[in-house]
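Heads up: the structure comes next, in structure tokens.
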Amino acid sequence: MGYILVEDIFDEMSQNITYIKLNSYLKRKDNT
74 MGYILVEDIF
84 DEMSQNITYI
94 KLNSYLKRKD
104 NT
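The following block contains the structure:
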């Protein structure tokens, strides 16, 4: 169960990172 939990957290983290990267990219695009 521990492994599944870690995998879930890692999955969520990578999704969040992708979302944040996309957000900052779009913001940078708007500013220029």
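Add 73 to a position in the sequence shown, counting from 1, and you land on the number used in the numbering used here. For glycine and all other residues, C-beta sits at the position ideal for the given N, C-alpha and C.
Span separating the alpha-carbon of Met-86 from that of Tyr-92: 10 Å
Contact test: Lys-100 Cβ vs the ligand GDP heavy atom, cutoff 7 Å: The model depicted lacks the ligand GDP and carries no ligand whatsoever.
Thr-91, DSSP secondary structure in three states: helix
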